[in-house]
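What follows is a set of notes on a single structure, which appears directly below.
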Amino acid sequence: MELESLIKAVASKAPAPGGGAVSCVTGSFACALASMAAKVTLDRTDFSKDANTAANLSDLAHQMDRDSDSFLHFAREDEKVSARLFAAYKQKA
Numbered sequence: 000m001e002l003e004s005l006i007k008a009v010a011s012k013a014p015a016p017g018g019g020a021v022s023c024v025t026g027s028f029a030c031a032l033a034s035m036a037a038k039v040t041l042d043r044t045d046f047s048k049d050a051n052t053a054a055n056l057s058d059l060a061h062q063m064d065r066d067s068d069s070f071l072h073f074a075r076e077d078e079k080v081s082a083r084l085f086a087a088y089k090q091k092a
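In terms of numbering that gives the first Met the number 0, the sequence shown opens at residue 0 and continues consecutively.
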């Protein structure tokens, strides 16, 4: 889902996407920013001259990229599960 579409969907009367999906998207952004910071630090400072520090920064960037992707996956899953849950609530009512 595009970012603008997500924001409009969250602002709608629909029960999903809701807090779970929004929290996951926020986590994804946080990981993306951490990845960017590690990459910029590695490229623009003397840290790249220290092999151990460079490896740690590179590992951090890769891990944050993976975690960002995972958060996005969980956001999509939360939206699907929430939609099914609220549909089940409607059937019981």
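Every residue gets a Cβ at the ideal spot worked out from N, C-alpha and C, and that includes glycine.
Residue i in three-state terms, based on DSSP
i: A37; result: helix
i: K48; result: helix
i: E1; result: coil
i: K12; result: coil
i: G17; result: coil
Identity of the residue in the options nearest residue i by Cα
i: D66; options: A54, V9, S27; result: S27
i: A87; options: P14, E3, A10, V9; result: P14
i: R83; options: L71, A10, P16, A8; result: P16
i: S34; options: N55, K12, S11, A8; result: N55
Residue i to residue j span [Cα, whole Å]
i: Q90; j: E1; result: 30 Å
i: A50; j: A74; result: 36 Å
#### Entry: the segment 66-85 touching the segment 35-50, judged by at least three CB pairs closer than 8 Å
The segment 66-85 is not in contact with the segment 35-50.
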